[in-house]
Amino acid sequence: MKIRNSLWAAVALSLVPAVGCAVELKVLEWEGYISLYEKEFEAWAKSKGKDIDLVLVAKPDGSPFYIGSADDIFEQVRKKAADVVTPTHNYYKQERGKLMQLLLPLDTSKLGNYASIYPSLRNATFSKNDKGEVHALPLLGGSYALAYDSAKVKAPDSWHVLLRPEAKGKFTVTGDQFEANVYQMAMLAGVKPADVYDYDKMTPEQRQQTAEYLKTLVANADSFWGGLPSVEQLAKLEYATDYWFGVAAANAAGQKWKFASPKEGVTVWLDNVSIAGHVGSDPAKLEAAYMLLDYTVSEEAQAAIAKAFGSVIVNPKAKAKLSPDQASAQPGEDFFVEERFWQPLSDRSRNGFKKMWDDALAAAGKK
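Note that the sequence shown covers residues -22 to -1, 1 to 345 in mature numbering (1 follows the signal peptide of the UniProt record, and there is no 0).
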């Protein structure tokens, strides 16, 4: 009996949370999105009486594992290897919403800074299910922008500048996310911004013109970048496409890059923060996750994001913590027009756009 009672006592004690035991949150991010202010968040949480440790998802060799695609997020969440993730807006509903099904619907009443986010983003539908439940907290955004070195050339007024013979060898575009190039060439061919994501909404003439523009773009390009155009690349060029990060890095190094306002417009991306569904069964971890999400859209975190990445922030109150030049470079709410947001692609559209891109590479001898 004594042994049995001792055993039950040991079991009971094992079920009581240890006093002062930190809650661990496993974070899968686009590089720097949360780790940028990791220590500041942990200190802030402690000031609120919560001990929270942020741990970046790691590769087998121990180095950080950063997001490279929607599949990266899906696999890590499916394996319960990530508690908090930072998906791009078009990831939520692509492939029949398989990622969104693994994420927790958010109770925005638990997010004190939610009301400070631009109303257009609070009303966006990209992460809402049929019940109207939202799964994404907007974090930062940008566009697939047309940039130019203001020390070398004047601001272009059209994407057509990249197709001119004199532009050959003087610019770089993304190679990894080739679809962004297709979208812009389709807009140049006269396709409506809301229709560039659907192969079947383009007329045969528009498809042909888009394909021809792509061939010229690829033939003229000096190079193709991956995550962002490098500072070294940009120093040698006159134009570039960018998700805003490359220009920020180049200007920090003393270059004079600016973003153009092409008459055809640009396509827009928005990265977000979400909670993995399995976190919902752990009250302590869930509370910690909501605290992290709320901090990401605080004035402090948003200002840090703007300073580090040069991207578009979602909480306009953070502009007060930026320099006058940094604040003036921030667009307003009208930047986030949902019809210009990248949309999930059907298999047919993705395959059609991939063939256009591959044909352009082959024609230029760059495949």
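Glycine residues also receive a C-beta, built at the ideal position from the N, C-alpha and C atoms.
Residue i, DSSP secondary structure in three states
{"i": "A(-14)", "result": "Since pLDDT at A(-14) reaches only 40, below the 50 mark, its modelled position is unreliable, and no value is offered."}
{"i": "N250", "result": "strand"}
{"i": "W335", "result": "helix"}
{"i": "P261", "result": "helix"}
{"i": "F287", "result": "helix"}
{"i": "K179", "result": "helix"}
{"i": "A116", "result": "What sits at residue 116 in the sequence shown is Pro, not Ala. Strand, per DSSP."}
{"i": "V(-4)", "result": "Low local confidence applies: a pLDDT of 45 at V(-4) is under 50, so the model's placement there is unreliable, and no value is given."}
{"i": "S13", "result": "helix"}
{"i": "S41", "result": "coil"}
{"i": "P88", "result": "Before going further, note that residue 88 is Lys rather than Pro in the sequence given. Reduced to three states, the DSSP call for K88 is helix."}
{"i": "F313", "result": "helix"}
{"i": "V196", "result": "helix"}
{"i": "V174", "result": "coil"}
{"i": "F319", "result": "strand"}
{"i": "K24", "result": "helix"}
{"i": "K106", "result": "strand"}
{"i": "V139", "result": "helix"}
{"i": "L270", "result": "helix"}
{"i": "L300", "result": "coil"}
{"i": "L80", "result": "helix"}
Host beta strand (DSSP E) of residue i (start-end)
{"i": "K236", "result": "235 to 237"}
{"i": "T150", "result": "149 to 152"}
{"i": "I95", "result": "No beta strand (DSSP E) contains I95, which DSSP labels as neither H nor E."}
{"i": "K4", "result": "1 to 6"}
{"i": "D220", "result": "217 to 220"}
{"i": "D127", "result": "123 to 127"}
C-beta atoms of residue i and residue j nearer than 8 angstroms
{"i": "N198", "j": "L141", "result": "yes"}
{"i": "Y11", "j": "T64", "result": "yes"}
{"i": "L34", "j": "V292", "result": "no"}
{"i": "A172", "j": "T188", "result": "no"}
{"i": "E277", "j": "A305", "result": "no"}
{"i": "V209", "j": "N91", "result": "no"}
{"i": "V246", "j": "S121", "result": "yes"}
{"i": "A102", "j": "E316", "result": "yes"}
{"i": "L271", "j": "L89", "result": "yes"}
{"i": "Q211", "j": "W203", "result": "yes"}
{"i": "L80", "j": "V55", "result": "yes"}
{"i": "W22", "j": "Y273", "result": "yes"}
{"i": "A238", "j": "Y126", "result": "yes"}
{"i": "P83", "j": "V112", "result": "yes"}
{"i": "V160", "j": "Q184", "result": "no"}
{"i": "K234", "j": "S128", "result": "yes"}
{"i": "L3", "j": "A266", "result": "yes"}
{"i": "A286", "j": "L300", "result": "no"}
{"i": "K344", "j": "D336", "result": "no"}
Anticipated Cβ contact below 8 angstroms, residue i with residue j, distance rounded
{"i": "Q72", "j": "P309", "result": "In fact, because the Cβ distance is near 26 angstroms, the residues do not count as touching under 8 angstroms."}
{"i": "A282", "j": "L14", "result": "6 angstroms"}
{"i": "S289", "j": "G46", "result": "No, S289 and G46 are not in contact; Cβ-Cβ is about 18 angstroms, not under 8 angstroms."}
{"i": "E242", "j": "M165", "result": "5 angstroms"}
{"i": "L77", "j": "F43", "result": "Incorrect: roughly 17 angstroms between the Cβ atoms, too far for contact."}
{"i": "A342", "j": "V196", "result": "5 angstroms"}
{"i": "E163", "j": "L206", "result": "Note that residue 163 is Met in the sequence shown here, rather than Glu. M163 to L206, Cβ: 21 angstroms. No contact."}
{"i": "P240", "j": "D312", "result": "Actually they do not touch by this definition, with Cβ atoms about 16 angstroms apart."}
{"i": "F319", "j": "Y96", "result": "Not a contact, Cβ separation roughly 13 angstroms."}
{"i": "D249", "j": "L117", "result": "5 angstroms"}
{"i": "F104", "j": "H67", "result": "5 angstroms"}
{"i": "K236", "j": "A133", "result": "7 angstroms"}
Residue i: first and last residue of the uninterrupted alpha helix (DSSP H) it sits in
{"i": "F202", "result": "Premise fails: F202 lies in the beta strand (DSSP E), 201 to 203, not in any alpha helix (DSSP H)."}
{"i": "L32", "result": "That residue, L32, is in no alpha helix (DSSP H); its beta strand (DSSP E) goes 30 to 34."}
{"i": "L212", "result": "209 to 213"}
{"i": "G75", "result": "72 to 75"}
{"i": "Y69", "result": "Here Y69 belongs to no alpha helix (DSSP H), and DSSP marks it neither H nor E."}
{"i": "V55", "result": "48 to 56"}
{"i": "F223", "result": "223 to 230"}
{"i": "L166", "result": "157 to 166"}
{"i": "P294", "result": "Premise fails: P294 is in no alpha helix (DSSP H) and is neither H nor E."}
CB contact check: residue i to chain D, cutoff 8 angstroms
{"i": "E277", "result": "In the structure shown, chain D does not exist; there is a single protein chain."}
_Touching by the beta-carbon criterion (3+ pairs, under 8 angstroms), the stretch 209 to 217 and the stretch 132 to 149_ = yes
*Does the stretch 255 to 268 touch the stretch 149 to 165, meaning 3 or more C-beta pairs lie closer than 8 angstroms?*
no
*Can at least three beta-carbon pairs, one atom from the stretch 328 to 342 and one from the stretch 255 to 275, be found at a separation below 8 angstroms?*
no
*Mind the definition here: the stretch 222 to 233 touches the stretch 17 to 36 only if three or more C-beta pairs lie below 8 angstroms; say whether that holds.*
no
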